[in-house]
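First comes the structure, then the notes that go with it.
Residue numbers (our numbering), protein chains in the order written: chain A, 1 to 285; chain B, 286 to 572.
Now the structure itself:
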């Protein structure tokens, strides 16, 4: 984004396969301090896998990931844990610890990773929960919360240690439109208030266009397009006949959520008749 | 000529096929079993390290509230079942042995049999079986569900070690509670055997005296050592299988882990019991 700043996350030629299936193919991308980078793409495009590499829960086959300037792919568990204290992760389902109350969930990282005394921790927990609007639900158990509240509680836990980077995995999926918009607003506010860098993985276009500074679209493990939000906005509104590349048409269909276009053509194409013929042959014998 | 050749070829191949399949199955199962044992040993090693660190390093100490919660969950709720099972066993054993011993003219030896069987064998063994179904299943199901709910990943992402946080308290709880419940089981079995024997006309003082003579500290101690190892096996197998659930396996994976935790747990307890008995016997601890 800004030419002067050096990236806080630097991914180079990241490649990953599960068995014979290539999930990520030479992904390279930079995230700069203070920006909201939104990674979009269809189901199974590899965006969640990318996120899992960045938070250090999956080792890559090839490539490098630098965070805060340090290579994390070759780190030991103890070293990467030091990095992990500097970022927070908001999981898709909230991933709250079910046996602990909301307050205890937020308090856990503080209790384990800081030397703060109990009353300071209690104050901190209240501050974090107030930021996400859940202070009055401090004593509730996660099972009693709605989907949106769980995600907000997960967010409060993720910001407990005042991280410099926040990762969000599908923060608005499965929520009603109003709650989703609230979460979007929360992401924007927190980015500004706490001055964090955010990386959001989502397939909700409304949400992506609300929060993103820059966007990146993944498809079959490759980056189709990466750039400022405005570029994606103009692509969404563009006339398909004026687009030259296949890639731009793919991105446009995804952004607009059209039922017809290159993505769906790709899915339905290929040997339908042959397939039917094979069935009838098998039954003839 | 050629045709019959190829025909016999075909026959041989058909005949061999089941043998080949058996070989493949055995190799595959063997490899799976060894890899599982290996990974389980790694988990045990890590749990040991974490426990040792928890005792020495103040910042990594084992959380007492977590341990207490697990001990209550593993042991306290199982107390009535263990008591019921041991009462029944004490009565059954007494009633089964009485006619034969009476025939030999030594019905009071019921006390000796009950004491030896209870302290050395049935106390730890039955307690472990009950806890395997009780705690093993629930630990495996709980950890498996935590995997599918991304809770384990969330722990790791918060730089918290799941082994230290989840496995260590559960392992300690199963070890401690199996041992403690075994003491209760021993006492209940002797009491129930004694009550039944008194009903059958044996003098309670004689019964008590013979029990004291039959039970030495060695019987009691070997029983408790066995119980501790059984508890360790229950906890380790349950934690391992629970954490081995893959997030995408969902409820099916959790169900399989739960069933396997009980089945593998029971098999492990029986095998370990056999090994212990052989060792104790060959070192003359039972003389």
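Beta carbons: idealized from backbone N, C-alpha and C, even for Gly.
- prompt: Where does residue 23 (chain A) fall in DSSP's three states?
  reply: The three-state secondary structure of residue 23 (chain A), taken from DSSP, is strand.
- Anything in chain A within Cβ reach of residue 445 (chain B), meaning under 8 Å, just list it in chain order. 108, 109 and 112
Where residue 286 (chain B) and residue 293 (chain B) are concerned, what is the direct C-alpha to C-alpha distance, given to the nearest angstrom? Model confidence at residue 286 (chain B) stands at a pLDDT of 47, short of 50, so the residue's coordinates are unreliable; what they give is reported in the following sentence. Straight-line Cα distance between these residues: approximately 11 Å.
Query raised in the report: Using a C-beta cutoff of 9 Å, does residue 534 (chain B) count as contacting chain A?
Result: For residue 534 (chain B), the answer is no, since every Cβ of chain A falls outside 9 Å of its Cβ.
Quiz item: Should residue 89 (chain A) be flagged as near chain B, meaning a C-beta pair shorter than 9 Å?
Solution: yes
task: Tell me, please, whether the CB atom of residue 185 (chain A) is closer than 9 Å to any CB atom in chain E?
output: Of the protein chains in the structure, A and B, none is chain E.
- prompt: Is residue 378 (chain B) closer than 9 Å to residue 492 (chain B) when the C-beta atoms are compared?
  reply: no
### Query
What residues from chain A crowd round residue 263 (chain B), counting only those whose CB sits closer than 9 Å?
Residue 263 (chain B) lies beyond the residue range present for chain B, which begins at 286 and ends at 572; the question has no answer from this structure.
Worksheet item: Which full runs of the beta strand (DSSP E) of 3+ residues lie inside the stretch 185-247 of chain A, going along the chain?
Response: 197-202, 214-219 and 222-228
message: Let's test the definition: count the other Cβ atoms within 10 Å of the Cβ of residue 392 (chain B) and tell me whether it reaches 16, buried, or not, exposed.
response: buried
*asked:* Suppose only complete runs of 4+ residues qualify. What are the alpha helix (DSSP H) ranges in the stretch 439-518 of chain B, listed by chain order?
replied: List check, alpha helix (DSSP H) in window: 453-484 and 489-499.
*asked:* According to DSSP, residue 436 (chain B) sits in a beta bridge with which residue or residues?
replied: According to DSSP, residue 436 (chain B) bridges with nothing at all.
Exercise. Could you please give the first and the last residue of the uninterrupted alpha helix (DSSP H) stretch that includes residue 120 (chain A)?
Key: From DSSP, the alpha helix (DSSP H) with residue 120 (chain A) extends over 118-131.
### Message
Quick check: is the beta carbon of residue 542 (chain B) nearer than 9 Å to any beta carbon in chain A?
### Response
no
Is any heavy atom of the ligand NAD found at a distance shorter than 8 Å from the C-beta of residue 319 (chain B)? You won't find the ligand NAD in this model; it holds no ligand whatsoever.
Q.
Using beta carbons (cut-off 9 Å, strictly below), is residue 356 (chain B) in contact with chain A?
A. no
>> Let me see if you follow: with CB-CB separation under 9 Å, is residue 56 (chain A) close to chain B or not?
In response: yes
Open item on the list: With a threshold of 8 Å, are at least 3 pairs of Cβ atoms found where one atom belongs to the stretch 210-225 of chain A and the other to the stretch 53-69 of chain A?
Closed with: no
Query raised in the report: Would a C-beta distance cut-off of 9 Å place residue 553 (chain B) and residue 518 (chain B) closer than the cut-off?
Result: Using a Cβ distance threshold of 9 Å, residue 553 (chain B) and residue 518 (chain B) count as a contacting pair.
Under a Cβ-count criterion, where at least 16 other Cβ atoms within 10 Å of its own Cβ denotes burial, should residue 438 (chain B) be classed as buried or exposed? buried
Review point. If the cut is a Cβ gap below 7 Å, which residues of chain B does residue 85 (chain A) touch?
Key: 444
Practice task
Quick one: grab the DSSP three-state call for residue 18 (chain A).
Solution key: The answer is strand: DSSP assigns residue 18 (chain A) an E or B state.
Please compile the residues from chain A whose C-beta is within a distance smaller than 7 Å of the C-beta of residue 441 (chain B). 57
* **chain B contact for residue 146 (chain A) (CB, 9 Å cutoff)** => no
| said: For a test of the three-state rule: what should DSSP assign to residue 35 (chain A), helix, strand or coil? | reply: coil
Counting only beta-carbon atoms, is residue 498 (chain B) nearer than 9 Å to chain A?
-> no
Starting from residue 438 (chain B), find everything on chain A with Cβ-Cβ shorter than 9 Å and list it in chain order. The CB of residue 438 (chain B) comes closer than 9 Å to the CB of 52, 55, 57, 89, 91 and 95 in chain A, given here in chain order.
* Asked: Mapping DSSP to helix, strand and coil, what is residue 67 (chain A)?
  -> strand
Taking the straight line between their C-alpha atoms, what separation do you get for residue 2 (chain A) and residue 351 (chain B)?
No answer about residue 2 (chain A) holds up, because its pLDDT of 49 lies below 50 and its placement is not dependable.
**Item:** Cutoff 9 Å: residue 479 (chain B) Cβ touching any chain A Cβ
**Value:** no
CA-to-CA distance, residue 163 (chain A) to residue 134 (chain A), given in whole angstroms = 20 Å
Worksheet entry | Limits of the beta strand (DSSP E) - the one that residue 561 (chain B) falls within | Where residue 561 (chain B) is concerned, there is no enclosing beta strand (DSSP E), although the alpha helix (DSSP H) it sits in stretches over 535-567.
message: Please list the terminal residues of the continuous beta strand (DSSP E) segment that includes residue 169 (chain A).
response: 165-169
**Asked** Does any CB atom of chain A fall closer than 9 Å to the CB of residue 465 (chain B)?
**Response** no
- Message: Can you find the residues in the same chain that come closer than 6 Å, C-beta to C-beta, to residue 97 (chain A), ignoring five residues on each side of it along the sequence?
- Response: 105
* Which residues, taken in chain order from the stretch 59-84 of chain A, show a beta carbon closer than 7 Å to some beta carbon of chain B? -> From the stretch 59-84 of chain A, only 81 and 84 have a Cβ closer than 7 Å to chain B.
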